[in-house]
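Note sheet for the following structure.
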Amino acid sequence: MTHDKTSLPAILGGTPALSIGHERSNKWPDLTHDDEEAVLQVMRDGNISTHNVIRELEKSYADFTGRSYALAHNNGTSALLAAFHSIGLQPGDEVLVPSATFWASVLPMLWVGAVPVFCESDKERLGIDPVDVEKKITAKTRAIVVVHLWGLPSKMTELFTIAERYNLKIIEDASHVHGASWRGRPCGSLGDISVFSLQGDKLAPAGEGGIFLCNKYEYYEKAVCLGDITRVIELETPSRRFAATSFGIKTRIAPLSAAIGCNQLRRLKEHNETRNKNLTYLSKKLEKLGFHTFLPPDHIQRVYFEYLIRYDETKHPLSIEMLTAALTKEGCQVAAPRYPLLHQQPIFTEGVFKSVLRLPPGEQVPSYEDVSLPFTEAANKSLLKLPSFPGPDNGILDQYAHAFEKVMNYSNEIAERGKDT
Ligand SMILES: Cc1ncc(COP(=O)(O)O)c(C=O)c1O
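Throughout the sequence shown, residue numbering follows the working numbering, covering 4 to 424 in sequence.
And the structure:
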């Protein structure tokens, strides 16, 4: 092997592969003059609390997903709370949830008294594992939370079968998958209730925002009563009598955010195309080097909220920590996935959740101290997060591929060196 400076990994004294900065290719969100204009229009109109742009946002999401009802929220977390409330969960009811997700997919359910039961993640799609779901069903199970993690739709065929067999509701957290689809059906249309977060990092960001979607009027009605006081008067049912009070919280989106949300949804297709083009290109190169990049099967149209790849350290000389260190020396931005597993968090392991989850006398309070999800725990450690490259490829993708190639070519030497340090 020739040891010229450009083929030698930076960690062994070579020239770092990255000479192009990340600013251009990794800038997100992509806010333009149109977003500014949309916000200014709301300000000029003067109604910065209940402006019609909120209804416009709801209609856009209902059309986009083919749902009958959409209710915009101030964030995804409150839309998820509304979802848990609206399906009628009662204190002590169990809900099957993934541990590998953002906390908001799960924790709001504590406020309606529902008990999360943590399940393993599926190896191929990273969502909740249908096999483990079925094992954990009890007489108290009422629902499954399905999160399409990082942009990859979950195993819906199996999950739908289980939901039907055991009469369980599906809450679909579609916060990572704006624009993805499963067997031609858009994500956001796959749950009894589906939720999108529109937080600033998301694929169609609004700054802060969330969308609650369903086909049943009953669910919509409950969500309105919970958090949207100005809409209660519009309800066609006896629930109108709550128009003076609602149910005690207020979760309406701000119109300034809704204006951005409408504009960003219009640009979603274009934005997703750029990410998909960039990351499919890079993935094909990394697959050849032995990384698993979660390229989807034909019946799935995936998107890339974030770009995660899997490295099986049992098949290579370098540990994942050494690989990360070597790639960092090349100038790459690589890190462990940013969500710590929920079942290992102190709110559960130290029993603090009990201060929120007030179960009626006689209900057994769950204990999370001994929860173990061996597959998820191991699999989470094998994931690496790279930039999601939402911007134009200015040559940086080839530099990433080169960095990975160098490090993998010299993995024995890097591992040897690691032993000495
Ligand atoms: C999977 C998932 N669910 C829910 C949320 C909560 O959304 P929000 O931040 O809008 O409350 C987020 C992220 O922010 C998320 O990533």
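Where is the CB? At the ideal position from N, CA and C, for every residue including glycine.
query                                                                                                                        : result
Distance cut-off 8 Å: residue 461 Cβ against heavy atoms of ligand 1                                                         : What is shown of the chain runs 4 to 424, which leaves residue 461 out entirely.
Minimum length 3: unbroken beta strand (DSSP E) runs contained in the region 264–312                                         : none
Buried versus exposed call for residue 51 [16 or more other C-beta atoms within 10 Å across all chains shown]                : exposed
Stretch pair the region 105–115 + the region 78–94: three plus CB contacts closer than 8 Å                                   : yes
DSSP three-state assignment for residue 57, whether helix, strand or coil                                                    : helix
Residue 295 to residue 420 span [Cα, whole Å]                                                                                : 26 Å
Range covered by the beta strand (DSSP E) that runs through residue 386                                                      : 386–389
Near ligand 1: residue 61 beta-carbon under 8 Å from a heavy atom                                                            : no
Pick from 305, 41, 252 that is closest to residue 81, judged by C-alpha positions                                            : 252
As assigned by DSSP and simplified to three states, the class of residue 47                                                  : helix
Bridge partner(s) assigned by DSSP for residue 93                                                                            : Answer is none; residue 93 lacks a bridge partner.
Unbroken beta strand (DSSP E) run spanning residue 217, endpoints                                                            : 213–217
Three CB pairs or more closer than 8 Å across the region 50–70 and the region 358–375                                        : no
Other residues of its chain near residue 359: CB distance less than 7 Å, five sequence neighbours each side excluded         : 113, 114
Nearest neighbour of residue 173, chosen from 345, 14, 330, 157 [CA to CA]                                                   : 157
Residue 104 beta carbon near ligand 1 (any heavy atom closer than 8 Å)                                                       : yes
Residue 153, DSSP secondary structure in three states                                                                        : helix
Cα-Cα separation between residue 19 and residue 397, rounded to whole angstroms                                              : 17 Å
C-beta atoms of residue 54 and residue 261 nearer than 9 Å                                                                   : yes
Residue nearest to residue 186 in terms of C-alpha spacing, selected from 200, 155, 171, 64                                  : 155
Neighbourhood of residue 318 by C-beta distance below 8 Å, restricted to the same chain and skipping five residues each side : 293
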